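Going letter by letter, the sequence shown gives residues 1 to 277 in the UniProt record's numbering.
Positions of the beta carbon are idealized from the N, C-alpha and C atoms, including for glycine.
Bear in mind the structure is a predicted one, so any value in this text is a computation, not a measurement.
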Amino acid sequence: MRALKLHELSLAERLADMAVDALIDEADLSPKPALVDRRGNGAHNDLHLGLMHASALSLWPMFKDMAEAAIDIGEVGLPLREALGRIGREGEQAMLATTQGVNTHRGAIWALGLLTASAALEPRAITRNAARLALLNDRYAPQPMSHGAQVAQRYGARGAREEAQLGFPSVTQRGLPQLRRSRRQNAGEQNARLDALLAIMTELADTCVLYRAGTEGLQAMQHGAQAVLDAGGSATLAGRRSLHELDNQLLALNASPGGAADLLAACLFIDRLDGVL
Numbered sequence: 001m002r003a004l005k006l007h008e009l010s011l012a013e014r015l016a017d018m019a020v021d022a023l024i025d026e027a028d029l030s031p032k033p034a035l036v037d038r039r040g041n042g043a044h045n046d047l048h049l050g051l052m053h054a055s056a057l058s059l060w061p062m063f064k065d066m067a068e069a070a071i072d073i074g075e076v077g078l079p080l081r082e083a084l085g086r087i088g089r090e091g092e093q094a095m096l097a098t099t100q101g102v103n104t105h106r107g108a109i110w111a112l113g114l115l116t117a118s119a120a121l122e123p124r125a126i127t128r129n130a131a132r133l134a135l136l137n138d139r140y141a142p143q144p145m146s147h148g149a150q151v152a153q154r155y156g157a158r159g160a161r162e163e164a165q166l167g168f169p170s171v172t173q174r175g176l177p178q179l180r181r182s183r184r185q186n187a188g189e190q191n192a193r194l195d196a197l198l199a200i201m202t203e204l205a206d207t208c209v210l211y212r213a214g215t216e217g218l219q220a221m222q223h224g225a226q227a228v229l230d231a232g233g234s235a236t237l238a239g240r241r242s243l244h245e246l247d248n249q250l251l252a253l254n255a256s257p258g259g260a261a262d263l264l265a266a267c268l269f270i271d272r273l274d275g276v277l
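Okay, structure coming up:
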């Protein structure tokens with residue numbers, strides 16, 4: 001009896017798998033301060049873990065199409081940027097249909113979409129090419145600004161667009177170094193990922209937090225995240241106590257660091273890609 005031959009995944013399919021895995025790993029990570037995780041809904045009354053999983057899975061065709069567009073076009077330029085914009089808008093509609101109108105992953109579509117396409121072009125230049133794409137203007141993009149863009153403009157903060165245009169410094173300079181540092185210290189994978197999230201939170205002007213809780217919420221997030229790391233990180237008893245305090249404080253302020261969560265997913269995607277390379 002001849003053995004069945006398993007389907008060999010294309011590069012675009014593998015990258016789409018990695019992007020969805022990163023979103024699911026971010027959602028499952030616990031205990032995240034004021035964010036949806038295995039414990040509950042955090043500061044959200046319209047989200048839950050099952051919805052986050054369903055949303056992530058709904059985006060798989062979009063990530064695959066973005067990677068295929070990058071492979072077909074073959075270079076950074078306006079044709080690729082506008083193809084990604086069109087595919088991203090279609091992916092957002094698929095997401096909203098799955099979640100019945102709830103915005104679960106709009107920020108992640110932007111960040112991971114750019115990174116997935118860039119990885120398909122040249123994995124070792126992933127953040128540089130993502131930045132080059134983000135600097136290009138999509139002529140067909142809708143004109144109304146998102147809540148995040150409006151808040152970034154109001155507070156003079158660096159929004160998701162600017163973060164990408166700079167090559168994701170919150171990921172490359174904060175999240176990834178902390179993730180690998182905590183691993184070297186034998187913190188355990190879940191604690192290392194929590195520490196990476198906290199490192200991103202220490203300096204990020206998270207527009208989700210600003211939208212919900214203003215500068216008071218942002219300062220609470222940044223200072224509280226730094227306090228956890230200063231206490232030894234989430235793998236230590238003192239760090240866990242500080243993390244619990246941060247969680248309570250952000251919940252009281254209704255401040256959910258969704259921007260940091262999107263960047264953690266980007267961090268996990270790049271880390272997984274580096275492992276493959």
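Could you pull out every residue in the same chain whose Cβ sits closer than 6 Å to the Cβ of residue i, ignoring the five residues on either side in sequence?
| i | result |
| --- | --- |
| L78 | L136 |
| C267 | V171, G175, L176, A196 |
| D262 | G107, A108, A111 |
| I71 | A120 |
| A12 | K64, A67, E68 |
| A54 | T98 |
| A149 | G159 |
| H270 | In the sequence on display, residue 270 carries Ile and not His. The answer is none, since no qualifying residue turns up. |
| A22 | A265, L268, F269 |
Note down, in chain order, each residue of its chain lying with its Cβ closer than 7 Å to the Cβ of residue i, except the 5 sequence neighbours on either side.
| i | result |
| --- | --- |
| R34 | According to the sequence as given, residue 34 is Ala; it is not Arg. Excluding positions up to five away in sequence, the list reads G42, A43, D247, L250, L251, A255, S256, P257. |
| M201 | M221, Q222, A225, P257, A260 |
| K5 | A caution first: K5 carries a pLDDT of 44, below 50, which makes its placement in the model unreliable, though a value can still be read off. Cβ neighbours of K5 beyond the five flanking positions: none. |
| P123 | L273, L277 |
| A39 | Note on residue identity: the sequence assigns Arg, not Ala, to residue 39. Only S30, P31 meet the Cβ criterion. |
| G275 | none |
| L15 | F63, A67, T116, A119, A120 |
With DSSP run on the structure shown, which of helix, strand or coil describes residue i?
| i | result |
| --- | --- |
| G239 | helix |
| G40 | strand |
| K32 | coil |
| L9 | coil |
| C124 | Before going on, a small fix: residue 124 reads as Arg here, not Cys. Helix at R124. |
| V102 | coil |
| L246 | helix |
| L273 | helix |
| L47 | coil |
| N254 | coil |
| G107 | helix |
| G259 | helix |
| L4 | Bear in mind that a pLDDT of 43 at L4, under 50, signals an unreliable position, so the number given afterwards is only what the model happens to contain. Here L4 sits in coil by DSSP. |
Excluding five sequence neighbours on each side, which residues of the same chain lie with their C-beta closer than 8 Å to the C-beta of residue i?
| i | result |
| --- | --- |
| V20 | A56, L57, L59, W60, F63 |
| G232 | A238, G239 |
| L96 | V102, N103 |
Write down the C-beta distance between residue i and residue j rounded to the nearest angstrom, noting that I regard them as a contact closer than 8 Å.
| i | j | result |
| --- | --- | --- |
| T116 | A67 | 5 Å |
| V151 | A157 | 7 Å |
| N191 | S234 | 5 Å |
| L29 | D17 | With 8 Å as the limit, L29 and D17 do not qualify as a contact, their Cβ atoms being about 18 Å apart. |
| T104 | M52 | 6 Å |
| L229 | L264 | Contact flag wrong, Cβ pair sits at about 15 Å. |
| G113 | G88 | 5 Å |
| V209 | N129 | That belief does not hold up - the Cβ atoms of V209 and N129 are roughly 29 Å apart, past 8 Å. |
| residue 285 | A213 | No answer is possible for residue 285: it lies beyond the span of the chain, which begins at 1 and ends at 277. |
Would you call the stretch 179-192 and the stretch 128-142 in contact, with 3 or more CB pairs under 8 Å? no
Please give me, in chain order, every unbroken run of the alpha helix (DSSP H) with length at least 4 that falls completely inside the stretch 204-234. The stretch 204-234 contains these whole alpha helix (DSSP H) runs: 207-230.
For the stretch 164-183 against the stretch 218-228, are there 3 or more C-beta pairs whose distance is under 8 Å? Segment contact: the stretch 164-183 against the stretch 218-228, fewer than three CB-CB distances shorter than 8 Å; contact not assigned.
Could you say if the stretch 44-51 and the stretch 81-90 meet the contact criterion of at least three C-beta pairs nearer than 8 Å? no
Enumerate, from N- to C-terminal direction, the unbroken beta strand (DSSP E) stretches of 3 or more residues contained entirely within the stretch 49-100. Qualifying beta strand (DSSP E) stretches: none in this window.
What residue ranges within the stretch 114-186 form continuous alpha helix (DSSP H) runs of no fewer than 4 residues, ordered along the chain? 126-134, 147-155, 160-165, 176-184
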